[in-house]
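Here is the structure:
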């Protein structure tokens, strides 16, 4: 029957979950390929797995009247991030606050030919609401950074083309590293020095993750509560291959628990996983955000939120939600194909306003 329905060419509507699809483990055998799925009360974990996209189609939730107390009492490890859950975490601003009230972030980014990544991360960090930002860059990036991001203060490396030394860290409330960093040996040793000497959580992205993947013993001494923001291939380099998306999720939980860190696994329904194994799937974002520099924007945003005194969990979940929301606002103007990373930053202000209301 399933084969017949799938080959019929008719629009297919599944109720609760497509027939043949398991909710919380990888599925085998014949499965209905639904165009639409109407699920009762809560989305199923399977809906967030890339391997099931061809079966679930567009899904929507039907409220069947379960009592809120019953829902809240059920012990779960998976959550779907909605605005109402995150709004209380956005810090309110007081009349007598000043730039010193909103944290001082450090972004370590850029190398010869990749200064655009440092610019995007810095602009996004500043748009997060952080009070002060220093960006550490190689000498070759000085003029472009001063021109492109005048609000940002610069820390200049002694080398022309890549990161080789850690600046004084005492003044910073959060550090983000990796955007456009490169893989030079001096950069790798400087990263090792950073994670050995900075006691607060660090946001790792891009080449910082690739360096960690090549030096896995260093993972054991990165600061607890740090936030790693890999795309699936970067995550694979860190943990190895998986046979299906559910195994990937278990490897994600195990990795976070083992090292006491947070991982933001980027993609559709970006998943923020905590050290205790809770996974928060994002409800914002769109395919247009799969573009060069989008991850650098997220790194800057999360670093800025962390610098303002948010916990790592708050910075990670709020960051992915606002990042996706800005992308959803941007796509209305650009469409999927024409969106670039800078379009996301341009919509941060509107995203914050929409989120706050």
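Numbering (the numbering used here), first residue to last: 2 to 358.
A virtual CB, placed ideally from N, CA and C, is assigned to each residue, including glycine.
Length of the line joining the Cα atoms of residue i and residue j
i: residue 229; j: residue 314; result: 12 angstroms
i: residue 103; j: residue 5; result: 60 angstroms
i: residue 316; j: residue 55; result: 32 angstroms
i: residue 280; j: residue 246; result: 14 angstroms
i: residue 194; j: residue 223; result: 10 angstroms
i: residue 53; j: residue 225; result: 34 angstroms
i: residue 111; j: residue 147; result: 14 angstroms
i: residue 27; j: residue 19; result: 13 angstroms
i: residue 335; j: residue 351; result: 16 angstroms
i: residue 99; j: residue 251; result: 43 angstroms
i: residue 249; j: residue 144; result: 43 angstroms
i: residue 47; j: residue 197; result: 39 angstroms
Best match in the options for proximity to residue i [C-alpha to C-alpha]
i: residue 220; options: 250, 132, 261; result: 261
i: residue 15; options: 76, 57, 27; result: 57
i: residue 236; options: 257, 225, 223, 106; result: 257
i: residue 184; options: 176, 170, 209, 48; result: 209
i: residue 189; options: 289, 164, 81, 234; result: 164
i: residue 217; options: 323, 306, 240; result: 240
i: residue 60; options: 338, 37, 81, 82; result: 37
i: residue 356; options: 25, 52, 308, 86; result: 86
i: residue 309; options: 79, 93, 71, 63; result: 93
i: residue 44; options: 207, 270, 358; result: 270
i: residue 273; options: 82, 122, 2; result: 82
Backbone secondary structure at residue i - three-state DSSP
i: residue 443; result: Any property of residue 443 remains undetermined from this structure, which presents the chain solely from 2 to 358.
i: residue 135; result: strand
i: residue 175; result: strand
i: residue 257; result: helix
i: residue 154; result: strand
i: residue 290; result: helix
i: residue 186; result: helix
i: residue 209; result: helix
i: residue 54; result: helix
i: residue 168; result: coil
i: residue 5; result: helix
i: residue 28; result: coil
Residue i: first and last residue of the uninterrupted alpha helix (DSSP H) it sits in
i: residue 117; result: 116-128
i: residue 38; result: Segment 37-41 is the beta strand (DSSP E) holding residue 38; no alpha helix (DSSP H) there.
i: residue 326; result: 313-339
i: residue 1; result: Residue coverage of the chain in this structure runs from 2 to 358, which leaves residue 1 outside it and unanswerable.
i: residue 69; result: 69-74
i: residue 354; result: 349-357
i: residue 297; result: 295-308
i: residue 147; result: 143-149
Cross-strand partners of residue i (DSSP beta bridge)
i: residue 228; result: 204, 263
i: residue 281; result: 80, 273
Residue range of the unbroken beta strand (DSSP E) whose run includes residue i
i: residue 59; result: 59-63
i: residue 106; result: 105-109
i: residue 14; result: 14-16
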